Amino acid sequence: MFKSDYASLARPAILPDASNRTGLPAFASVNEVLSAYEGDDAIYVLYPKKIAAAARTFLHGFPGKVLYAVKANPHPAVLKTLWTAGIRHFDVASTREVELVNMIAPSARMYFMHPVKSRAAIRHAYAYGVRDFSFDCMEELHKLLAETGYADDLNLHVRLALPKGDAIMPLSGKFGAGREEAVELLKAARAHVSMLGMTFHVGSQCLNTAEYNRALAWSRSIIDEADVAVDSIDCGGGFPVAYPGMTPKPMGNYFASIREALREHGFDGIQILGEPGRALCAQGGSTLARVELRKGQDLYLNDGSYGSLFDAAQCAWKFPVKLHRSAPRPNGQSEAFRFFGPTCDSLDVMEGPFDLPADIEEGDWVEVCHLGAYGQALASRFNGFHSETTVAVMA
Ligand SMILES: *Cc1c(COP(=O)(O)O)cnc(C)c1O
Numbered sequence: 106m107f108k109s110d111y112a113s114l115a116r117p118a119i120l121p122d123a124s125n126r127t128g129l130p131a132f133a134s135v136n137e138v139l140s141a142y143e144g145d146d147a148i149y150v151l152y153p154k155k156i157a158a159a160a161r162t163f164l165h166g167f168p169g170k171v172l173y174a175v176k177a178n179p180h181p182a183v184l185k186t187l188w189t190a191g192i193r194h195f196d197v198a199s200t201r202e203v204e205l206v207n208m209i210a211p212s213a214r215m216y217f218m219h220p221v222k223s224r225a226a227i228r229h230a231y232a233y234g235v236r237d238f239s240f241d242c243m244e245e246l247h248k249l250l251a252e253t254g255y256a257d258d259l260n261l262h263v264r265l266a267l268p269k270g271d272a273i274m275p276l277s278g279k280f281g282a283g284r285e286e287a288v289e290l291l292k293a294a295r296a297h298v299s300m301l302g303m304t305f306h307v308g309s310q311c312l313n314t315a316e317y318n319r320a321l322a323w324s325r326s327i328i329d330e331a332d333v334a335v336d337s338i339d340c341g342g343g344f345p346v347a348y349p350g351m352t353p354k355p356m357g358n359y360f361a362s363i364r365e366a367l368r369e370h371g372f373d374g375i376q377i378l379g380e381p382g383r384a385l386c387a388q389g390g391s392t393l394a395r396v397e398l399r400k401g402q403d404l405y406l407n408d409g410s411y412g413s414l415f416d417a418a419q420c421a422w423k424f425p426v427k428l429h430r431s432a433p434r435p436n437g438q439s440e441a442f443r444f445f446g447p448t449c450d451s452l453d454v455m456e457g458p459f460d461l462p463a464d465i466e467e468g469d470w471v472e473v474c475h476l477g478a479y480g481q482a483l484a485s486r487f488n489g490f491h492s493e494t495t496v497a498v499m500a
């Protein structure tokens, strides 16, 4: 699935940089990638140094264990880079993610934090050593207990639905127990588990640090009402990154706010978990898409909504963009452009507007940045368009 298409690279990749443990062909710059490339598809770029830096920010600053939410970008090179940077815990949601993490990092600890699992997925994960599972209803609790043979070493995490907050992408619409149900689940699970936890997700790309405080206060009031001991609090994901028009506060503010809320709500001394996805890899990846045609302010690219630009299309996010061309010419002024993807579907449009040099033309490459999370991970093969070329740029 992640085969890297060396055949599309005309010149051999530069000798592996000592910091490149990704197994990908590595280059010093995007220009070197483009001059070595002979393929016809878009190119996915990973910046391992940026991913490692984001991991260090969390490992040093987050007041608990850092679980990487694999769905944000399951590329083996991302998993290897995070492992090398010191990430030892992985939040998985499917049998294939369990197998993938186990293959790349056999001694990693996995947490199955999808609240709805097939019975086969539970048995499979347990056989792979997974002991942490989340659930948000009584039926799922019974499934977990039955499929693990009422094991006495389970760590179960009750997933809470949060009252409506202001994350850009709310995640409480589909999963999570309401207040009364959560109280019942805590009481019911306590007798069967080795460790009982609570987990929530404030919503992805959460720009308000106070959302974590609110969620922790909500967790505390539910635990108090249930009147059972809880051993773990999982603050979920949601940590934001900068996109044009969305400038989050520094990550240190989030960590300070969470630290303070943990103290305020009496969670000192228990296990604390966090599940960043986006914040660990978004800035460490981009897509190089070629302009196949320009019609006025519309650029037809070889990647789009069914490739790595799903959020640019469906959520109208404006990702940062850069022009790359082999023969640099004076770029002049920039203008606003709209992108069309390569498929025949009229939903395959990214409104932007994206600011690019006014003289951009067919054959130029656009680097769409901050796509390391929920970019390549969402790409499909619709209409015969997809790319198997992923490279590392050691910048
Ligand atoms: C998607 C997801 C995450 C990661 O969310 P980000 O917003 O990318 O940090 C973490 N935990 C769970 C349960 C998720 O579904």
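Here this note's numbering = 1-based position in the sequence shown + 105.
Built from N, CA and C at the ideal position, the CB exists for glycine as well.
The structure displayed is predicted, hence computed values, not measured ones.
| Query | Result |
| --- | --- |
| Paired residues, beta bridge with Pro462 - DSSP | Ser439 |
| Pro425 and Phe442 closer than 8 Å at C-beta | no |
| Buried versus exposed call for Asp416 [16 or more other C-beta atoms within 10 Å across all chains shown] | buried |
| Where Gly480 sits in the DSSP three-state scheme | coil |
| Which of helix, strand or coil DSSP assigns to Leu151 | strand |
| Three-state class that DSSP yields for Gln388 in the structure shown | helix |
| 4 or more residues per run - each alpha helix (DSSP H) lying fully within the region 140 to 193 | 153 to 166 and 181 to 190 |
| Contact set for Val496: own chain, Cβ-Cβ below 8 Å, skip 5 residues either direction | Ser109, Leu114, Ala118, Leu129, Pro130, Ala131, Phe132, Val138, Ile148, Tyr149, Val150 and Leu151 |
| Proximity to Leu483 [Cα-Cα], best of Phe167, His180, Arg126 and Arg325 | His180 |
| Contact test: Ala177 Cβ vs ligand 1 heavy atom, cutoff 7 Å | yes |
| Opening and closing residue of the beta strand (DSSP E) in which Ala497 lies | Thr495 to Val498 |
| Rounded C-alpha distance that separates Leu461 from Val346 | 22 Å |
| Where Phe107 falls: helix, strand or coil (DSSP) | Confidence in Phe107 is poor, its pLDDT being 39 and thus under 50, which makes the residue's placement too unreliable to answer from. |
| Thr304 to Ala174 span [Cα, whole Å] | 14 Å |
| Limits of the unbroken alpha helix (DSSP H) element including Met303 | Per DSSP, Met303 belongs to no alpha helix (DSSP H); it is in the beta strand (DSSP E), Met300 to Thr304. |
| Cβ neighbours of Ala334 in the same chain (closer than 8 Å, five flanking residues each side left out) | Arg295 and Leu301 |
| Those runs of the alpha helix (DSSP H) which lie wholly inside the region 186 to 270 and span at least 4 residues | 200 to 209, 224 to 232 and 243 to 252 |
| 8 Å contact criterion, which Gly144 and Thr494 should meet: CB distance rounded | 6 Å |
| The region 280 to 294 contacting the region 314 to 334, beta-carbon criterion three pairs below 8 Å | yes |
| Residue span of the beta strand (DSSP E) that contains Trp422, given as start and end | Looking at the DSSP string, Trp422 is not in any beta strand (DSSP E), and its letter there is neither H nor E. |
| Selected residue, minimal CA-CA separation from Phe344, among Pro353, Ile338 and Arg161 | Pro353 |
| Any non-hydrogen atom of ligand 1 closer than 7 Å to Asp416 Cβ | no |
| Cβ pair count under 8 Å reaching 3, the region 390 to 408 against the region 367 to 380 | no |
| Gly480 beta carbon near ligand 1 (any heavy atom closer than 7 Å) | no |
| Leu249 versus Leu265, Pro220, Ser199 and Gly412, residue with shortest Cα-Cα distance | Pro220 |
| Alpha-carbon spacing of Ala418 relative to Phe445, whole angstroms | 9 Å |
| Buried versus exposed call for Arg486 [16 or more other C-beta atoms within 10 Å across all chains shown] | exposed |
| Extent of the continuous alpha helix (DSSP H) run through Leu321 | Ala315 to Ala331 |
| Best match in Glu202, Val171 and Ala182 for proximity to Gly191 [C-alpha to C-alpha] | Val171 |
| Strand pairing of His429, partner residues [DSSP] | Trp470 |
| Own chain residues within Cβ distance below 7 Å of Glu456, not counting five before or after | Ala421 and Arg443 |
| Pair within 8 Å by beta-carbon distance, Phe360 and Phe167 | yes |
| Element boundaries [alpha helix (DSSP H), containing Ser362] | Met356 to Glu369 |
| Buried versus exposed, by CB contacts within 10 Å (16 or more), Lys155 | buried |
| Close beta carbons around Val288, own chain, < 8 Å, minus the five adjacent residues each side | Ile327, Glu330 and Ala331 |
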